[in-house]
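Take a look at the structure set out below.
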Amino acid sequence: MFIAVYWWRVHPGKEEQFRAAWRKGTDLIREKYGSYGSRLHRDADGRFVGYAEWPDEATWRAAFDRKMVYDDPETRAAFVDAVAEVPPDADPIFTMTVTDDLLLRSRG
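Residue 30 in full-length UniProt numbering is what sits at position 30 of the sequence shown, and the numbering runs on without skipping anything.
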């Protein structure tokens, strides 16, 4: 499994707009590019951090090289409108290969 970690700062008052667009965009990226989905976190200073899981680096790279474009301009516009800052070139802050996975996927 391959992991990409991203961050965004969001305009004050647009947090829910961002989260809704992020959820919809994540679903669309999963459907179109084959990701396993993502988790969204918020750090102590308010920055949102996304942790995305992919089957392998090649699948992620193919999606990243296409800028993960999906066919829902309204969702993309809501996401872009909410974002105040991203890292330079919108690159992930980390890309990693999983070596050991002890996360529980369900409690059942």
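The beta-carbon is built from N, C-alpha and C at its ideal position, and this holds for glycine as well. Small disclaimer: the values here were computed from a predicted structure and weren't measured.
DSSP on T99, reduced to helix/strand/coil? Three-state DSSP puts T99 in coil, outside helix and strand.
Between the region 101-108 and the region 2-18, are three or more C-beta pairs nearer than 8 Å? The region 101-108 and the region 2-18 do not touch, with fewer than 3 CB-CB distances between them shorter than 8 Å.
In the DSSP assignment, find the unbroken alpha helix (DSSP H) run with A52 in it and report its ends. That residue, A52, is in no alpha helix (DSSP H); its beta strand (DSSP E) goes 48-54.
Please confirm if the region 70-81 is in contact with the region 23-30, defined as three or more CB-CB distances below 8 Å between the two stretches. Touching, per the Cβ criterion.
Taking the alpha helix (DSSP H) that Y28 falls in, what are its first and last residues? Inspection of the sequence shows that residue 28 is occupied by Leu rather than by Tyr. That run of the alpha helix (DSSP H) goes 15-33.
Need the endpoints of the alpha helix (DSSP H) that R76 sits in, please. Element bounds for R76: 73-82.
Buried or exposed: where does Y36 fall if 16 or more other Cβ atoms within 10 Å of its Cβ makes it buried? With a 10 Å radius around the Cβ and a threshold of 16 neighbouring Cβ atoms, Y36 comes out exposed.
Look at the alpha carbon of F2 and the alpha carbon of M68, and state the distance between them as a whole number of angstroms. Approximately 16 Å, taken between the alpha carbons.
Any idea if I29 is buried or exposed, counting beta-carbon neighbours within 10 angstroms, 16 or more meaning buried? That one is buried.
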